[in-house]
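Engineer:
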Amino acid sequence: RQLAVLDERLRIGRDLHDGIIQSLYAVALSLEDVSALMAEDPADASARIDRAIDRLNSSIGEIRTFIVGLGSNATEIAIGARLAGLADELLLSSGAPMSLDLDLTDVGEVDVRLDAEAATQLLQMAREALSNAIRHSGAPQARLSVHVIEGDVVLTVEDDGRGFDRSVPPRAGHLGLANLHDRAVSVGGSLEISSRPGSGTRIIVRLPTSSPENIAK
515 RQLAVLDERL
525 RIGRDLHDGI
535 IQSLYAVALS
545 LEDVSALMAE
555 DPADASARID
565 RAIDRLNSSI
575 GEIRTFIVGL
585 GSNATEIAIG
595 ARLAGLADEL
605 LLSSGAPMSL
615 DLDLTDVGEV
625 DVRLDAEAAT
635 QLLQMAREAL
645 SNAIRHSGAP
655 QARLSVHVIE
665 GDVVLTVEDD
675 GRGFDRSVPP
685 RAGHLGLANL
695 HDRAVSVGGS
705 LEISSRPGSG
715 TRIIVRLPTS
725 SPENIAK
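In the numbering used here, the protein residues as written are 515 to 731.
1) Around the C-beta of Asp816, are 16 or more other C-beta atoms found within 10 angstroms, so that it is buried, or is it exposed?
2) Look up Ala553 in the DSSP assignment and say whether it is helix, strand or coil.
3) Tell me which same chain residues have a C-beta within less than 6 Å of the C-beta of Gly694, skipping the five on either side of it?
4) Along the chain, where does the alpha helix (DSSP H) that runs through Thr634 open and close?
5) Between the alpha carbons of Asp620 and Val662, how many angstroms are there, rounded?
6) In the DSSP output, what is Ser704 paired with across the bridge?
7) Return helix, strand or coil for Ser656, following the three-state DSSP convention.
8) Would you call the CB atoms of Ser544 and Arg565 closer than 8 Å?
9) Between the alpha carbons of Ser651 and Ile718, how many angstroms are there, rounded?
10) Which stretch, first to last residue, makes up the alpha helix (DSSP H) that contains Leu669?
11) Within this structure, are the beta carbons of Thr723 and Gly665 separated by less than 8 Å?
12) Relative to the C-alpha of Glu546, which residue among Ala557, Leu637, Arg562, Gln536 is closest?
13) Check Asp696 in the structure and name its three-state DSSP category.
14) Evaluate contact between the segment 646-660 and the segment 597-610, counting only Cβ atoms and requiring at least three cross-stretch pairs below 8 Å.
15) Establish whether the CB of Ala595 and some CB of chain B are separated by less than 8 Å.
16) Could you compute how far the alpha carbon of Leu600 sits from the alpha carbon of Glu554?
17) Using 8 Å as the threshold, is the C-beta distance between Val668 and Ala656 below it?
18) Residues bridged to Ile563 by DSSP?
19) Is it right to say Arg710 is buried, meaning 16 or more other beta carbons lie within 10 angstroms of its own, or is it exposed?
20) Measure the beta-carbon distance from Leu616 to Leu658 and round it to whole angstroms, keeping in mind my assumption that it falls under 8 Å.
21) Does the beta-carbon distance from Leu721 to Val701 come in below 8 Å?
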């Protein structure tokens, strides 16, 4: 019973970090230079504040949904639409000068092959990986793709930014990469991260699936 409680606490911690906390961090980031903008470009400052208010209201809704345990309903929406909306949300709230290429040609098959839990984990891992690219890579462009390869769903997020040294342990409190690994493993998947300073970062998540025939049964 204690192990079950611990597992649930870890799950809640991952969900908060990968979802709501990331959203709030992006809002804070978008407001960092507003005080300077108020003198230089009041219209831009006002628009940024309005976007931040909208995002905070959305986060309040996410917190309410999280508390009452309704988060599982999110997967009723097609994964492709969820990923596209997620990308727009992260780019808009961060204010980062980055463009994002989306390759979602296989999402129709992904919707059929992934169960609800695996789909939820896929969306959260996409959020974490994209958020890291937007906040830390410094790249002008990033790419996200989802494909079905040899029966597995493969999520790839990559950029040509500053990269990082994989041999250096993350700073205290930086749980993003560990959470990605834990989420992938929790649904029987795997995580591959390749990065070097000055050479960008590539994150590949591979999730096993059931065949459409098995799911239909």
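Note that the Cβ used here is the ideal one computed from N, Cα and C, for glycine as well.
Structural biologist: Looking at the coordinates:
1) No statement about residue 816 is possible, as the shown extent of the chain runs from 515 to 731 and does not include it.
2) Ala553 carries a helical assignment under DSSP once its states are collapsed to helix, strand and coil.
3) Note that residue 694 corresponds to Leu in the displayed sequence, not to Gly. Excluding positions up to five away in sequence, the list reads Met639, Glu642, Leu705.
4) Element bounds for Thr634: 630-646.
5) 6 Å
6) Arg720
7) It is worth fixing the name first, because residue 656 is Ala in this sequence and not Ser. Ala656 falls in the strand class under three-state DSSP.
8) yes
9) 16 Å
10) Run containing Leu669: none in the alpha helix (DSSP H); it sits in the beta strand (DSSP E), 666-673.
11) yes
12) Arg562
13) helix
14) yes
15) Protein chains in the displayed structure number just one, and chain B is not present.
16) 31 Å
17) No; because the gap between Cβ atoms is not below 8 Å, this pair is not in contact.
18) Beta-bridge pairing links Ile563 to no other residue.
19) Exposed.
20) Indeed they touch by this definition, with Cβ atoms about 5 Å apart.
21) Taking 8 Å as the Cβ cut-off, Leu721 and Val701 qualify as a contacting pair.
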